[in-house]
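Note that the working numbering has the sequence shown beginning at 19, numbered continuously upward.
Cβ atoms here follow ideal geometry from the backbone N, Cα and C, with glycine treated the same way.
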Amino acid sequence: MNKAFLIGNLVVDPELKTVGNNIKVCNMRLAVNRKTENGSEADYYSLKAWRGLGENCAKYLKKGSKIAVCGDISHRNYKDKDDVNHLIVEVNASDIEFLTPKNQEEQQTSTYDKRNDVEMKPIPDVDLPF
């Protein structure tokens with residue numbers, strides 16, 4: 019089984035490109051914090067989201083957005099102009115959950131307002147149907 023589950027923050031704005039037969043792909047970089055003996059460190063992952071998922075990511079996400087990603091890990095090799103081999107490891111996203119609210123007003127907060135209280139009157143035992 020090849021599945022990766024990551025939660026982190028985007029370190030750059032998503033970049034939407036068109037490849038092949040007008041297929042959209044969104045490239046992203048994700049920072050995932052992990053605890054260490056000296057505090058915490060970040061690991062960085064390259065993400066690809068294809069077609070509609072990629073278009074939604076490009077439309078609604080930005081640098082700093084918190085997301086949860088599910089996808090498979092792939093790798094590819096290439097040689098640069100100096101004939102040096104490079105290994106690219108990417109997560110091909112199959113599902114992305116947006117975890118940052120659009121703005122602070124949309125965050126659900128629980129508040130209590132006494133003005134909304136309704137006075138409750140006890141029901142006499144005689145009026146109970148059982």
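{"Item": "Residues near residue 113 in its chain [Cβ-Cβ closer than 6 Å; skip 5 each side]", "Value": "88"}
{"Item": "Opening and closing residue of the beta strand (DSSP E) in which residue 45 lies", "Value": "41-54"}
{"Item": "Between the CA atoms of residue 42 and residue 36 - distance to the nearest angstrom", "Value": "5 Å"}
{"Item": "Counted within 10 angstroms of its Cβ, other Cβ atoms place residue 123 as buried (16 or more) or exposed", "Value": "Caution is warranted here: a pLDDT of 33 is assigned to residue 123, below 50, making its placement in the model unreliable, and the coordinate value is therefore given only provisionally. Counting Cβ neighbours within 10 Å, residue 123 comes out exposed, since fewer than 16 surround it."}
{"Item": "Delimiting residues of the beta strand (DSSP E) encompassing residue 80", "Value": "Looking at the DSSP string, residue 80 is not in any beta strand (DSSP E), and its letter there is neither H nor E."}
{"Item": "Given residue 74 as reference, the closest of 108, 45, 58 and 22 once Cα atoms are compared", "Value": "45"}
{"Item": "Under 8 Å between C-beta atoms of residue 66 and residue 111", "Value": "yes"}
{"Item": "First through last residue of the beta strand (DSSP E) which encompasses residue 36", "Value": "33-37"}
{"Item": "Spatially closest choice to residue 70 from 96, 34 and 54, by CA coordinates", "Value": "34"}
{"Item": "Endpoints, beta strand (DSSP E) assigned at residue 65", "Value": "57-68"}
{"Item": "Contact under 8 Å by Cβ, residue 116 with residue 85", "Value": "yes"}
{"Item": "Close Cβ partners of residue 106 (< 6 Å) along its chain, the five nearest in sequence each way excluded", "Value": "94"}
{"Item": "With 16 other Cβ atoms within 10 Å as the buried cut-off, status of residue 96", "Value": "exposed"}
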